[in-house]
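Below, the structure is given as structure tokens:
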């Protein structure tokens, strides 16, 4: 969860509204950060020392988390590309079959981000199936597809080169963005939505529900990006 446990606390506050029995665990590899987070403990909210393997410890002992969903943001961006596959494999051991991994990167203020949505397979191989690649923005920096390239997940950021599917996606999205510039008259959100619909017309499987597009979410379903690392 990083230097401060704010995001973990916010997740607990919001998700417990939907499921009052849900347990949220914040994981950090830095013992000092885990100790600093302990005052935030609540019913269903705890902070443990651990890494990608989810074998954790805290003041109460040790244990293994079996998670239904894992959020890992701005973590793998600190690692080398070759370390992504081992990290995914380690996390798979702690995720229940059918569970989700949401792994991605954001800019420092969280205004622009991109995340994988991966589902844990019941059998051993492959460990993960791509559900979606999600692009998110709050529009405070305007809208340009190029904004998302610098916050791609670690396994994709160096693959924006000719011949790669993610490169072709950005080329098509930018073309759609340019073709829909007239939609700016109705605001940047309208421009974003119009660009998404134009991009979908080029054969990309996108979730075009208005409630996602209004909030700045472009969901590329089952993206053809090759095998998931790990």
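Residue numbers (our numbering): 91 to 320.
Just so it is clear, CB atoms sit at the ideal spot from N, CA and C, and this is done for glycine as well.
The structure displayed is predicted, hence computed values, not measured ones.
Can you give me the C-alpha to C-alpha distance between residue i and residue j, rounded to a whole angstrom?
i           : j           : result
residue 127 : residue 267 : 43 Å
residue 89  : residue 290 : Outside the modelled stretch of the chain, which goes from 91 to 320, sits residue 89, for which no answer is possible.
residue 319 : residue 175 : 4 Å
residue 237 : residue 230 : 12 Å
residue 282 : residue 309 : 12 Å
residue 274 : residue 121 : 48 Å
residue 91  : residue 207 : 18 Å
residue 227 : residue 205 : 12 Å
residue 181 : residue 225 : 23 Å
residue 269 : residue 285 : 8 Å
Would residue i be called buried (16 or more neighbouring beta carbons within 10 Å of its own) or exposed?
i           : result
residue 271 : exposed
residue 300 : exposed
residue 210 : buried
residue 165 : buried
residue 251 : exposed
residue 93  : exposed
residue 200 : exposed
residue 194 : buried
residue 253 : exposed
residue 186 : exposed
residue 110 : exposed
What whole-angstrom Cβ distance do residue i and residue j have, given they're in contact under 8 Å?
i           : j           : result
residue 394 : residue 114 : A question about residue 394 goes unanswered here, because the residues of the chain that appear run from 91 up to 320.
residue 116 : residue 95  : 5 Å
residue 262 : residue 294 : 7 Å
residue 143 : residue 188 : Not quite, the Cβ-Cβ distance comes to about 20 Å (not below 8 Å), so this is no contact.
residue 298 : residue 287 : 6 Å
Out of the options, state which residue places its alpha-carbon closest to the alpha-carbon of residue i.
i           : options               : result
residue 139 : 265, 125 and 131      : 125
residue 171 : 242, 198 and 232      : 242
residue 197 : 256, 258 and 239      : 239
residue 97  : 163, 217, 276 and 234 : 163
residue 167 : 177, 109 and 186      : 177
residue 278 : 259, 233, 258 and 249 : 233
At 3 residues or longer, what runs of the beta strand (DSSP E) sit wholly inside the segment 120-188? Runs of the beta strand (DSSP E) inside the segment 120-188: 135-139, 145-148, 151-154 and 157-163.
What are the start and end residues of each continuous alpha helix (DSSP H) run of 4 or more residues lying completely inside the segment 186-237, in chain order? Those alpha helix (DSSP H) runs which fall completely within the segment 186-237 and span 4+ residues do not exist here.
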